[in-house]
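*Asks:* In order, the protein sequences belong to chains A and B.
Position one of the first sequence corresponds to residue 1 (this note's numbering), numbered consecutively onward.
Position one of the second sequence corresponds to residue 1001 (this note's numbering), numbered consecutively onward.
Built from N, CA and C at the ideal position, the CB exists for glycine as well.
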Amino acid sequence: MHYAPQPLHIPDGFLSVLVSIVFWLLTAAAVGYALRRVGKDLGDRQVPMMGVLAAAIFAGQMLNFSVAGGTSGHLMGAAIATILLGPWAAILVMTCVVSVQALIFQDGGLLVLGANIFNMGVVGVAVSYMAYQTLHRLARGAHWGPFAGGFIAAWLSIEASALFVALQLAVSRVSPANIAIPAMGGVHALIGIGEGLITLGALAFLYRARPDLVHAGDERPVKGRLIWAFGLLVALGLAVASPLASSNPDGLEWVAQQAGFLDAGRASPFRLIPDYLLPGVSNHALATILAGLLGTLIVFGVTLLVAYNRRARQAPD
Amino acid sequence: MHIHFLDPFQPRQSTIHLLDPRVKLALALAFILTTALTPSEAWPAYILLFALVFSATILSDLGAGYVLKRSALALPFVLSALPLIFTTEGAPLVSLSIGAWSLTAYQPGLARFASLALKSWISVQAGILLAVTTPFPDLLVALRSVGVPRLIVAVIGLMWRYLFVLADEALRMLRARLARSGGAGKAGLRKGGSLVWRAQVAGGMAGSLFLRAFERSDRIYMAMLARGYDGEARTLPLARIRPLQWLTLGVGLGILTLLLVLAYLI
Chain A
1 MHYAPQPLHI PDGFLSVLVS IVFWLLTAAA VGYALRRVGK DLGDRQVPMM GVLAAAIFAG
61 QMLNFSVAGG TSGHLMGAAI ATILLGPWAA ILVMTCVVSV QALIFQDGGL LVLGANIFNM
121 GVVGVAVSYM AYQTLHRLAR GAHWGPFAGG FIAAWLSIEA SALFVALQLA VSRVSPANIA
181 IPAMGGVHAL IGIGEGLITL GALAFLYRAR PDLVHAGDER PVKGRLIWAF GLLVALGLAV
241 ASPLASSNPD GLEWVAQQAG FLDAGRASPF RLIPDYLLPG VSNHALATIL AGLLGTLIVF
301 GVTLLVAYNR RARQAPD
Chain B
1001 MHIHFLDPFQ PRQSTIHLLD PRVKLALALA FILTTALTPS EAWPAYILLF ALVFSATILS
1061 DLGAGYVLKR SALALPFVLS ALPLIFTTEG APLVSLSIGA WSLTAYQPGL ARFASLALKS
1121 WISVQAGILL AVTTPFPDLL VALRSVGVPR LIVAVIGLMW RYLFVLADEA LRMLRARLAR
1181 SGGAGKAGLR KGGSLVWRAQ VAGGMAGSLF LRAFERSDRI YMAMLARGYD GEARTLPLAR
1241 IRPLQWLTLG VGLGILTLLL VLAYLI
């Protein structure tokens, strides 16, 4: 009912196979490392805590508020998960949320699940952690620290995830960089404000009700220097790279070519036997008609089989 | 109000339902991979792929329209590929000129866009079929057998168990707000407060949802401790896959490989 798919979940078919595999590997590395760290931080309460929090984030994505003209603001939750659980557990929680969305609700594809987890789980959490920790420190215990940090972390998590989606689409040659990056970046800069406001409201509530949860960042001193640095790197990299890539999409293509995955993204990478036609299949149109006939026959055959089976099952009664 | 309608699983006794979940997951992934590897504009291959997934839908006893109806939900993302029509140069189709700038649609661009949309649509159907015909606990078994770390599977399992509880909680909060401050997204109802106020209220709801989840997880942890939990996520050993199921897997993978080869030949 209230479950609204978000434009950050890439469906299958939109990323080239090579890009999907590369991001699966990156995700596997990040999640594997997070798994090792979380065991040390949370101990044996990790399964119940992360499981219920993951369910809460999923349910939290139903909470919306109306903005204007029938549109509404939603929560993605990477920032609030990072603030409440710390970066490593948040990566695992977001991994579970995004996986269940893909597996059960087809919100995001299965082959591209690695890329989706990377965008929302790894990148979203890393930039959130970086922003929140930095502002928290800068404020030196002043009240505005967690709030400013929470808002910026939430905004940044949406924006960084969106820019990663745009980059992946551009490298897969689905959307040119000079269109995808400004479009995704622009729309999500606005959506990010909604995320920021909800996160702010949630923090304000938690700050009054359970200050110990929000202050968790103080008691656990730097336990994620690595992910802080990664978050900073992503934020800076996107700030520099996305205007460059969108003003000069050929540059991105050049990188793609150098890395060797331009071919993978090409429409029709190669033909096994050029200009060779199957005996009896003289041209493309005929092949399409034959495929249509064969497809119809398959479906018809299966339908007959099912109907026959059902009749056979009903007959004994 | 109960949110069991969130669970897409539809219990039946069909061939597809009775397939081993591991085999089903492997076949669904292989199908999606095949679709992704199929070159652009290989229309005959798309027809055959669609015939395969449509046959599986019919075999699943859910009625032909069931999966088709749900598959439209995933289509809005296609918008992101729309620029392809105008940027892949070739034989021009239509030229639009609005004021100073003009927009030309190209035939190869349209073909690539259509291929992309079709491939995505066909893949989504395989995903839907998997979710609709497999109970969630079976899916967890399948996840374990393809090498997903045990802790992740345990967390996903617990998440699923409490998803409905927390979604119910979220729905109750939404109903309470609807009763107090006008419709959040309904046309014709005056919205309460300013935009920032509305966002703050939604934030407060999210905060209280998280707080309740935290406290609930404490209680669950205590209950688990009381029943002998020691931090290790233990699971039963996986049952063996029967020969007939292996055969199905082999035949399925063979058909998909054959299709892929054909897609490159024609």
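1) Using the rule of at least 16 other Cβ atoms within 10 Å of the residue's Cβ for burial, across every protein chain shown, is glutamine 314 of chain A buried or exposed?
2) Do you know whose CA, among B:Leu1049, B:Tyr1046, B:Leu1143 and B:Leu1116, lies nearest leucine 1238 of chain B's CA?
3) Is there a Cβ from chain E that is less than 8 Å from the Cβ of isoleucine 104 of chain A?
4) Quick one: what does DSSP say valine 1251 of chain B is sitting in, helix, strand or coil?
5) Do the CB positions of valine 123 of chain A and phenylalanine 164 of chain A come within less than 8 Å of each other?
6) Do alanine 170 of chain A and valine 127 of chain A have their C-beta atoms closer together than 8 Å?
7) Which partner residues does threonine 1104 of chain B have in the DSSP bridge list?
8) For arginine 1150 of chain B versus alanine 1233 of chain B, is the C-beta distance shorter than 8 Å?
9) Look at phenylalanine 1009 of chain B and alanine 1126 of chain B and say whether their C-beta atoms are less than 8 Å apart.
10) Note down, in chain order, each residue of its chain lying with its Cβ closer than 7 Å to the Cβ of proline 274 of chain A, except the 5 sequence neighbours on either side.
11) Give a yes or no on whether the C-beta atoms belonging to leucine 974 of chain B and leucine 1093 of chain B are separated by under 8 Å.
12) Compute the distance between the beta-carbons of leucine 1244 of chain B and leucine 1049 of chain B, then report whether it is under 8 Å.
13) Quick check: alanine 202 of chain A and alanine 1206 of chain B, are their CB atoms within less than 8 Å of each other?
14) Does DSSP put leucine 8 of chain A in a helix, in a strand, or in coil?
15) On a CA-only basis, which of B:Leu1174, B:Val1067 and B:Met1224 is nearest alanine 1131 of chain B? Give me that one, please.
16) Against chain A, does lysine 1069 of chain B count as a neighbour if the rule is that its beta carbon must be under 8 Å from one of theirs?
17) Would you mind telling me which residues of chain A sit closer than 9 Å to serine 1123 of chain B, beta carbon to beta carbon, in chain order?
18) Residues of chain B with CB closer than 8 Å to the CB of leucine 174 of chain A, please, in chain order.
19) Which same chain residues, not among the five before or five after leucine 1249 of chain B, have their C-beta less than 7 Å away from its C-beta?
20) To which residues of the same chain is isoleucine 1122 of chain B closer than 8 Å at the C-beta, ignoring the five residues directly before and after it?
21) In three-state terms, what does DSSP make of serine 1286 of chain B?
22) Measuring alpha carbon to alpha carbon, tell me which of A:Asn309, A:Ala239 and A:Gly121 ends up nearest isoleucine 91 of chain A.
23) Between which two residues does the alpha helix (DSSP H) holding methionine 50 of chain A run?
24) For the stretch 27-50 of chain A, which residues have a CB atom closer than 9 Å to at least one CB atom of chain B, in sequence order?
25) Looking only at C-alpha atoms, which of A:Ala81, A:His9 and A:Thr303 sits nearest to alanine 109 of chain A?
26) For isoleucine 1016 of chain B, would you say it is in contact with chain A, using Cβ-to-Cβ distances shorter than 8 Å as the test?
*Replies:* Looking at the coordinates:
1) exposed
2) B:Leu1143
3) The structure shown contains no chain E; its protein chains are A and B.
4) helix
5) yes
6) no
7) B:Ser1095
8) yes
9) no
10) The pLDDT assigned to proline 274 of chain A is 40, lower than 50, so where the model puts this residue is not dependable; a value taken from the coordinates is nonetheless given after this. Hits under 7 Å: none found.
11) No answer is possible for residue 974 of chain B: the residues shown for chain B start at 1001 and end at 1266.
12) no
13) yes
14) coil
15) B:Val1067
16) no
17) Pro11, Asp12, Gly13, Gly109, Leu110 and Leu111
18) Rather than leucine, the amino acid found at residue 174 of chain A in this sequence is valine. Per Cβ cutoff of 8 Å: Ser1080, Ala1081, Leu1084 and Leu1116.
19) Val1023, Ala1026 and Leu1027
20) Thr1035, Tyr1046, Leu1049, Phe1050 and Val1053
21) Residue 1286 of chain B lies beyond the residue range present for chain B, which begins at 1001 and ends at 1266; the question has no answer from this structure.
22) A:Gly121
23) 46-60
24) Val31, Gly32, Leu35, Val38, Gly39, Gly43, Asp44, Arg45, Gln46, Val47, Pro48, Met49 and Met50
25) The residue you asked about is not alanine; residue 109 of chain A is glycine in the sequence shown. Closest by alpha carbon: A:His9.
26) no
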